[in-house]
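Colleague: One structure coming up, written as structure tokens, with questions to follow.
Numbering (the UniProt record's numbering), first residue to last: 1 to 140.
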């Protein structure tokens with residue numbers, strides 16, 4: 001029974017992610033895929049997400065300063081980023097990635113760069129919240 005308040009805190013935090021639309025139901029599905037053999041499945045998947053998206057952000061930053069701009073490379077990176085967001089349910093990050101894609105599709109590189117900055121802010125927020133969340137999960 002000692003862990004009951006902790007479990008409630010975890011459930012409340014998880015619900016706040018959904019309420020604030022930081023994450024969507026895909027994250028809940030991801031958590032439900034954990035097994036006795038792999039209890040940290042969701043955390044491991046999220047860590048992989050951050051590893052991969054960090055690389056993509058670095059590549060995007062490089063692509064945005066090239067002259068001429070390689071729109072195909074930008075599109076590939078943003079498409080990959082979108083897929084990673086969908087895989088963990090990263091709603092707010094996905095919104096900003098889609099804005100960056102729309103800017104690039106319209107040839108608006110400055111808008112794409114600005115959207116990438118917003119992606120990075122949402123990414124940092126998501127990482128901080130999920131780090132705190134998984135620390136609580138480990139304690140439960």
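Note that the Cβ used here is the ideal one computed from N, Cα and C, for glycine as well.
Quick caveat, the model's predicted, so the values are computed rather than measured.
What residue range is occupied by the uninterrupted alpha helix (DSSP H) comprising residue 88?
Modeller: Locating residue 88 in the chain shown gives position 88, counting from the first residue. Residues 71-88.
Colleague: Give the straight-line distance between the Cα atoms of residue 129 and residue 50, rounded to the nearest whole angstrom.
Modeller: For the purposes of this step, residue 129 is taken as residue 129 along the chain shown, with counting starting at 1. For the purposes of this step, residue 50 is taken as residue 50 along the chain shown, with counting starting at 1. Going from the Cα of residue 129 to the Cα of residue 50 covers about 13 Å.
Colleague: Tell whether a beta-carbon distance below 8 Å holds between residue 85 and residue 63.
Modeller: What you label residue 85 is simply residue 85 of the chain shown in a count that begins at 1. What you label residue 63 is simply residue 63 of the chain shown in a count that begins at 1. No, the Cβ-Cβ distance between residue 85 and residue 63 is not below 8 Å.
Colleague: What number of angstroms, rounded off, separates the C-alpha of residue 67 from the C-alpha of residue 89?
Modeller: The count along the chain shown starts at 1 and reaches residue 67 at position 67. The count along the chain shown starts at 1 and reaches residue 89 at position 89. Going from the Cα of residue 67 to the Cα of residue 89 covers about 34 Å.
Colleague: Between the Cα of residue 52 and those of 81, 70, 72 and 30, spot the shortest distance and give me the residue it belongs to.
Modeller: By one-based count along the chain shown, residue 52 stands at place 52. Of the candidates 81, 70, 72 and 30, the one whose C-alpha sits nearest the C-alpha of residue 52 is 81.
Colleague: Counting Cβ pairs, one atom from each stretch, are 3 or more of them under 8 Å apart for the stretch 19-34 and the stretch 89-99?
Modeller: With the cut-off at 8 Å, the stretch 19-34 and the stretch 89-99 touch.
Colleague: State the CB to CB distance for the pair residue 75 and residue 103, rounded to an integer number of angstroms; the pair is presumed to be in contact (CB under 8 Å).
Modeller: On the chain shown, position 75 is the one that residue 75 refers to. On the chain shown, position 103 is the one that residue 103 refers to. Going by Cβ atoms, the distance from residue 75 to residue 103 rounds to 11 Å, so no, they are not a contact pair.
Colleague: Within 10 angstroms of its Cβ, does residue 58 collect 16 or more other Cβ (buried), or is it exposed?
Modeller: Taking the first residue of the chain shown as position 1, residue 58 is located at position 58. By the neighbour-count rule (16 or more Cβ atoms within 10 Å), residue 58 is not buried but exposed.
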